[in-house]
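Numbering (numbering that gives the first Met the number 0), first residue to last: 0 to 583. We treat Cβ as the ideally placed atom computed from N, Cα and C, and that holds for glycine.
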Amino acid sequence: MLVYGDQEVSEDPRRRIDRLRRGFADADPAATGPERHGALVMLFIEASELAQGLADREFYSAGMDDRTALQDAGMNVVMALARHVAVSWRSAGTSDGLPDAVEFLDALEGLSALPLPESVVMRRAEGHAFYSLYPEAYLEAAARLPPRFAKSPVMIGLRSIGSGLAAMAAVALNAPAPVSLRPVGHPFQREIRVSERLSRMLLADPQATYVIVDEGPGLSGSSFGTVADWLEDNGVSSDHIAFLPGHDGELGPQASDRHRRRWADAVRPVVGFDELFRSGERPFPPLERWFADIPGPPSAPLEDLSGGRWRRLCGAGGGLPANPQQERRKFLLRSGTGSWLLKFAGLGRIGVNALHRARVLHAAGFTTEPLALRHGIIAERWLDGGQAMTQVTPDAVDRLAHYLAFRARSFPAQPGSGATLPDLLTMARTNIGEALGEKATRVLDGWTADQLADLEADMHRVVTDNRLHRWEWLRLPDGRLMKTDALDHAAAHDLIGCQDIAWDVAGGIVEFDLTDEWAEMLYRAVEEAAPFDRRLLAFCLPCYIAFQIGYWTFAAGSDSSAARERRRYEAHWKRWWPVEAGTG
Numbered sequence: 000m001l002v003y004g005d006q007e008v009s010e011d012p013r014r015r016i017d018r019l020r021r022g023f024a025d026a027d028p029a030a031t032g033p034e035r036h037g038a039l040v041m042l043f044i045e046a047s048e049l050a051q052g053l054a055d056r057e058f059y060s061a062g063m064d065d066r067t068a069l070q071d072a073g074m075n076v077v078m079a080l081a082r083h084v085a086v087s088w089r090s091a092g093t094s095d096g097l098p099d100a101v102e103f104l105d106a107l108e109g110l111s112a113l114p115l116p117e118s119v120v121m122r123r124a125e126g127h128a129f130y131s132l133y134p135e136a137y138l139e140a141a142a143r144l145p146p147r148f149a150k151s152p153v154m155i156g157l158r159s160i161g162s163g164l165a166a167m168a169a170v171a172l173n174a175p176a177p178v179s180l181r182p183v184g185h186p187f188q189r190e191i192r193v194s195e196r197l198s199r200m201l202l203a204d205p206q207a208t209y210v211i212v213d214e215g216p217g218l219s220g221s222s223f224g225t226v227a228d229w230l231e232d233n234g235v236s237s238d239h240i241a242f243l244p245g246h247d248g249e250l251g252p253q254a255s256d257r258h259r260r261r262w263a264d265a266v267r268p269v270v271g272f273d274e275l276f277r278s279g280e281r282p283f284p285p286l287e288r289w290f291a292d293i294p295g296p297p298s299a300p301l302e303d304l305s306g307g308r309w310r311r312l313c314g315a316g317g318g319l320p321a322n323p324q325q326e327r328r329k330f331l332l333r334s335g336t337g338s339w340l341l342k343f344a345g346l347g348r349i350g351v352n353a354l355h356r357a358r359v360l361h362a363a364g365f366t367t368e369p370l371a372l373r374h375g376i377i378a379e380r381w382l383d384g385g386q387a388m389t390q391v392t393p394d395a396v397d398r399l400a401h402y403l404a405f406r407a408r409s410f411p412a413q414p415g416s417g418a419t420l421p422d423l424l425t426m427a428r429t430n431i432g433e434a435l436g437e438k439a440t441r442v443l444d445g446w447t448a449d450q451l452a453d454l455e456a457d458m459h460r461v462v463t464d465n466r467l468h469r470w471e472w473l474r475l476p477d478g479r480l481m482k483t484d485a486l487d488h489a490a491a492h493d494l495i496g497c498q499d500i501a502w503d504v505a506g507g508i509v510e511f512d513l514t515d516e517w518a519e520m521l522y523r524a525v526e527e528a529a530p531f532d533r534r535l536l537a538f539c540l541p542c543y544i545a546f547q548i549g550y551w552t553f554a555a556g557s558d559s560s561a562a563r564e565r566r567r568y569e570a571h572w573k574r575w576w577p578v579e580a581g582t583g
């Protein structure tokens with residue numbers, strides 16, 4: 000099944016350097032706590048992305064990783080910001096003891112003085128964007144390494160996200176700036192390509208210890224494993240190798256025997272989100288106090304709503320499906336001013352963009368009130384008494400039409416910010432072929448490359464909702480229908496991304512199970528506000544269903560209701576495009 004995807008952005012490195020310089024200069028001196036600290040972390044993430052983009056450009060040009068002046072200069076910027084983040088973390092987000100700005104500004108000048116490419120491709124760091132993976136966790140985890148790893152440590156960060164995380168760990172160990180490597184090849188059999196110069200540098204000290212840093216591991220852990228293989232094959236003892244991963248679980252089912260044996264015995268400390276922000280054992284304030292100045296101090300312990308636990312609070316909860324592995328962390332905060340949802344919106348600019356959309360949608364009356372964004376967590380008013388929509392009524396279809404028309408007008412997206420139409424067609428063929436057999440894919444045969452090129456040329460990409468399921472609409476006691484989870488699914492860890500509003504119209508038709516008459520009404524209402532080609536809607540409908548089949552297939556491994564949801568989409572396909580007919 001094809002479901003997941005990575006998003007990339009191409010940017011002039013000079014523009015990113017200017018943004019870092021302005022962001023550092025514009026930091027609000029009055030801000031404290033999570034707000035001030037979060038602004039520093041955003042700069043750190045943006046610098047880490049730049050360092051990754053510069054390193055990858057040289058890697059793909061040379062066909063191997065090397066030690067270069069450009070990469071050293073990029074990592075110097077990251078290290079300077081990592082030191083700021085570390086001091087801010089230990090001082091509870093105040094300015095007490097922050098390093099002098101000179102180191103950071105000098106590092107920026109040093110990078111700016113080098114010949115820079117016209118553009119670099121920066122990959123979104125999944126852990127920072129979706130999975131509540133905070134850089135400070137690696138600062139704390141590195142401090143738990145056995146003392147031998149603090150003597151002569153060589154820090155190795157695995158790109159993309161690992162290059163920045165390794166810098167945080169290096170600060171904890173007072174180590175030199177890390178080297179970053181790009182594992183490539185089959186996801187279950189990654190390999191590294193290291194130049195002779197970099198090899199000599201990595202292996203120069205026979206007493207060195209090595210700390211390999213990345214998020215994950217995933218299904219195989221082969222990125223971690225291939226670096227450790229290379230070190231051992233070059234004479235490094237296994238007890239001189241440690242890992243800093245993103246979780247404390249075992250390797251996935253696709254791991255090799257060698258990697259599995261090593262992982263079972265390896266030094267690999269982890270500090271998770273709950274220990275980091277909910278234990279109350281650190282100078283940094285616990286999560287329940289991040290917003291105490293706005294709704295007031297908590298009147299009860301936080302209630303964890305992650306992993307589908309939100310379902311018990313929105314009516315008919317037992318029958319609603321969820322994808323626990325993909326859900327963002329979320330909590331219910333109760334205070335004297337009511338109940339508030341605290342949800343991970345993403346570290347860095349992705350969270351800032353989510354807050355902007357939240358404010359715009361609330362001002363238009365479609366979503367709940369957002370309070371603030373602090374260090375990746377957005378606080379929104381909890382809709383007490385709201386019940387998940389179970390019955391589609393004419394007012395619900397009208398509400399959907401107005402909502403989609405508003406999104407189409409309000410949130411334009413950049414070209415290339417989502418899957419291409421050929422990508423969607425490939426996804427649909429793959430998912431439907433696996434789920435229903437090759438005969439069921441014949442309905443897709445009529446879409447030619449020329450047709451898709453014509454449609455794509457006239458597309459108007461917007462930040463689509465991509466999450467129009469009935470349970471994402473709450474009916475309030477006063478009768479109003481409010482959209483939930485409306486901020487970030489166009490930037491989710493999947494391949495869809497930002498699409499033409501036709502994608503959401505297709506989603507609305509499927510999720511609301513609209514009759515032909517109501518589907519036509521929805522199309523006309525949205526098309527009047529944001530014109531799109533009816534042929535594009537005809538293309539998006541089968542692609543939408545195919546994506547949902549893939550999505551709920553993966554979810555079925557961790558939620559019993561997900562299999563039922565997959566069958567519902569399969570039934571949609573069979574009803575609209577009977578296999579026997581062979582065509583749409």
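Cut-off 7 Å between Cβ atoms - residues of its own chain near residue i, not counting five sequence neighbours on either side
i	result
D464	R406, A485, H488 and D503
A106	N75, V76 and A79
E569	A434, L435 and I548
G318	S560
G220	L250, G251, A254, H258 and W262
Backbone CA spacing between residue i and residue j [nearest angstrom]
i	j	result
P416	S9	The sequence given here has Ser at residue 416, not Pro. Their Cα atoms are separated by approximately 11 Å.
W289	F276	10 Å
Q70	Q390	57 Å
R66	P177	11 Å
H468	V509	9 Å
G478	T392	12 Å
Q547	Q325	14 Å
F365	Y402	7 Å
R204	A265	Per the sequence shown, residue 204 should be read as Asp rather than Arg. Taking the straight line joining both Cα atoms gives about 21 Å.
R348	P323	24 Å
K150	T208	8 Å
W575	T514	12 Å
R428	P414	24 Å
I495	D95	44 Å
L399	T483	12 Å
Q498	S237	48 Å
Residue i and residue j closer than 8 Å at C-beta
i	j	result
V193	G161	no
L332	P297	yes
I191	V226	yes
A140	P268	yes
A91	P284	yes
A321	G307	yes
R89	P282	yes
P421	L451	yes
A387	W309	no
R110	G73	Checking the sequence, you will find Leu at residue 110 rather than Arg. For L110 and G73, yes; Cβs fall inside 8 Å.
V2	F553	yes
P182	P216	no
Other residues of its chain near residue i: CB distance less than 8 Å, five sequence neighbours each side excluded
i	result
R358	P369
P98	A79, R82, H83 and V86
S338	L331, L332, R380, W381 and D383
W551	P320, N322, A561, A562, E564, R565 and Y568
Residue i (DSSP reduced to helix, strand or coil)
i	result
E519	helix
Q450	helix
E302	strand
I160	coil
R122	strand
G417	strand
G583	Any reading at G583 must be qualified, since the residue scores a pLDDT of 38, below 50, and its modelled position is unreliable; no value is offered.
D17	helix
T425	helix
D64	strand
K329	strand
M0	coil
T552	helix
Close Cβ partners of residue i (< 6 Å) along its chain, the five nearest in sequence each way excluded
i	result
V119	P12, G52, L53 and R56
M167	A81, P134, Y137 and L138
T367	E379, R380 and L382
Test: residue i CB closer than 8 Å to a CB of chain D
i	result
D264	Among the protein chains of the structure shown there is no chain D, as only one such chain exists.
Whole beta strand (DSSP E) elements within the stretch 226–296, 3-residue minimum: 240–243
Residue ranges of each beta strand (DSSP E) within the stretch 457–507, 3 or longer: 472–474 and 480–482
Length-filtered (4 minimum) alpha helix (DSSP H) runs lying within the stretch 90–116: 100–111
Contained alpha helix (DSSP H) runs [length at least 4] in the stretch 331–407, N- to C-terminal order: 348–362
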